[in-house]
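Residue numbers for the sequence shown, in full-length UniProt numbering: 1 to 340.
C-beta atoms are modelled at their ideal positions from N, C-alpha and C, and glycine is treated no differently.
Since we're looking at a predicted model, the values are computed, not measured.
Data block below; observations after.
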Amino acid sequence: MTERSFKAGANEEFESDLGEADIPIGPGSKPTSVGHLQRLLTQCGYVAVDDLGTFGSSTKNQLRAFQQSKGITPNGICDGLTWHVLIEAHWKLGDRLLYLKTPMLRGDDIAQLQGRLSWLGFDPGKVDGVFGPKTLRAVGEFQINVGLSGDGISGAETIAELERNIGRSSVTVTSFKEALRFGDPAKDIRTLKLAIAAPLSLAVNAEMIRQSLNKEGIRSTSFIHPDITTIASLTNTSGADLSIFLEISRSNQGCISYFQGFRYTSTIGRSIAQTIADELEKVLPIPSVEVLGSTHRMLQLTRTPSVVVAIGEPHLWSLYSIEISAAIISGLTSWKADQQ
Numbered sequence: 001m002t003e004r005s006f007k008a009g010a011n012e013e014f015e016s017d018l019g020e021a022d023i024p025i026g027p028g029s030k031p032t033s034v035g036h037l038q039r040l041l042t043q044c045g046y047v048a049v050d051d052l053g054t055f056g057s058s059t060k061n062q063l064r065a066f067q068q069s070k071g072i073t074p075n076g077i078c079d080g081l082t083w084h085v086l087i088e089a090h091w092k093l094g095d096r097l098l099y100l101k102t103p104m105l106r107g108d109d110i111a112q113l114q115g116r117l118s119w120l121g122f123d124p125g126k127v128d129g130v131f132g133p134k135t136l137r138a139v140g141e142f143q144i145n146v147g148l149s150g151d152g153i154s155g156a157e158t159i160a161e162l163e164r165n166i167g168r169s170s171v172t173v174t175s176f177k178e179a180l181r182f183g184d185p186a187k188d189i190r191t192l193k194l195a196i197a198a199p200l201s202l203a204v205n206a207e208m209i210r211q212s213l214n215k216e217g218i219r220s221t222s223f224i225h226p227d228i229t230t231i232a233s234l235t236n237t238s239g240a241d242l243s244i245f246l247e248i249s250r251s252n253q254g255c256i257s258y259f260q261g262f263r264y265t266s267t268i269g270r271s272i273a274q275t276i277a278d279e280l281e282k283v284l285p286i287p288s289v290e291v292l293g294s295t296h297r298m299l300q301l302t303r304t305p306s307v308v309v310a311i312g313e314p315h316l317w318s319l320y321s322i323e324i325s326a327a328i329i330s331g332l333t334s335w336k337a338d339q340q
């Protein structure tokens, strides 16, 4: 499979300026393809010390680290999904013109743009790295406010004005709107709808949590699928207010992640992550449960406040399934009680 630019759906497009690569990329792949992979990894902050074009242990380890940071199975092989996400992540603000087109542009440079706009009080919607109509409107409104044309195209002048003005605000409009939506003390958690999502390996756990939530009068639905992009899409179209993604951790500890990146922090996600972590530490035989801001792919693709619950080895999910379910529900209840 040879790719220069490629689509992730009907309305999104990835672009690369590195040329063509044969996918998958791993040991024995063409040196040109391996070289493209190594350059992408370096631009994303994962530097392999193997010779350029040689897929050695360093390249594999750096690739695995990148995959794990994005919630992709860290197998050390660059498949189509990993390549797509690398392309998305390697763009930096200023590398290219950003504008509304069909299919829509996406990349970390767009997320950086959205984060800066939100920081300055211009609402681009979710900081998701997709240049859609809301981002177009936010760019145009910002441009008019600083005396530019208001055409909604983010180029060198617009970026320069963003950087010049970036110190004038301390709370992003996206964070403020999120807090306003969920911060009503009179709004009971039973008025919210939750999505519980998981890969196939944790389907039983997801269904157990869903059933337990419903018994407590909390509306919920579950989505089980091997592909994170599909799960995020299902979550986005379900009408859920919050989402929880279950994942097997690659360490002997636990980690609850919320979205943080590109000058944006999901304050609701952070609060939920902390209360769930507190409850899990009471019932699991692991050293600690870390709370971590992340650009995990599930967190970036979902429009609602979301958390990723990652717990140790697979046997912990089976041996402590009842305790994990109860801890997640208790954490959600505690989060809402803290808002009273």
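Return helix, strand or coil for residue i, following the three-state DSSP convention.
i: D108; result: helix
i: R303; result: coil
i: T237; result: coil
i: V130; result: strand
i: D22; result: strand
i: A310; result: strand
i: V146; result: coil
i: I224; result: strand
i: A10; result: Because the pLDDT of A10 is 34, which lies under 50, any placement of that residue in the model is unreliable, and the number read from its coordinates should be weighed accordingly. A10 falls in the coil class under three-state DSSP.
i: Q274; result: helix
i: K193; result: strand
i: V291; result: strand
i: G71; result: coil
i: R219; result: strand
i: L284; result: coil
i: S243; result: strand
Can the beta-carbon of residue i be found less than 8 Å from the beta-carbon of residue j?
i: D123; j: A138; result: yes
i: S58; j: A48; result: yes
i: T235; j: S243; result: yes
i: I311; j: I324; result: yes
i: A273; j: S249; result: no
Out of the options, which has the shortest C-alpha to C-alpha gap to residue i?
i: V127; options: D108, Q143, C255 and E141; result: D108
i: D79; options: V130, H90, P24 and A48; result: P24
i: P133; options: V146, I144, Q114 and W119; result: Q114
Could you tell me the alpha carbon to alpha carbon distance between residue i and residue j, rounded to whole angstroms?
i: N11; j: R303; result: For N11, the pLDDT reaches just 37, beneath the cut-off of 50, and the residue's location in the model is therefore unreliable, although a value from the coordinates is still provided. Their Cα atoms are separated by approximately 16 Å.
i: I268; j: L63; result: 31 Å
i: T73; j: L117; result: 32 Å
i: L213; j: V308; result: 17 Å
i: I153; j: T265; result: 25 Å
i: E313; j: G71; result: 16 Å
i: T191; j: K215; result: 14 Å
i: F142; j: Q38; result: 37 Å
i: N75; j: N61; result: 9 Å
Assuming residue i and residue j form a contact by the criterion Cβ under 8 Å, report the distance between their Cβ atoms to the nearest whole angstrom.
i: F55; j: G94; result: So it is not a contact: roughly 31 Å between Cβ atoms.
i: C44; j: L86; result: 7 Å
i: I218; j: I189; result: 6 Å
Tell me whether residue i counts as near the ligand NAD, meaning its Cβ is closer than 7 Å to at least one heavy atom of that ligand.
i: F223; result: The ligand NAD is absent from the structure shown, which contains no ligands of any kind.
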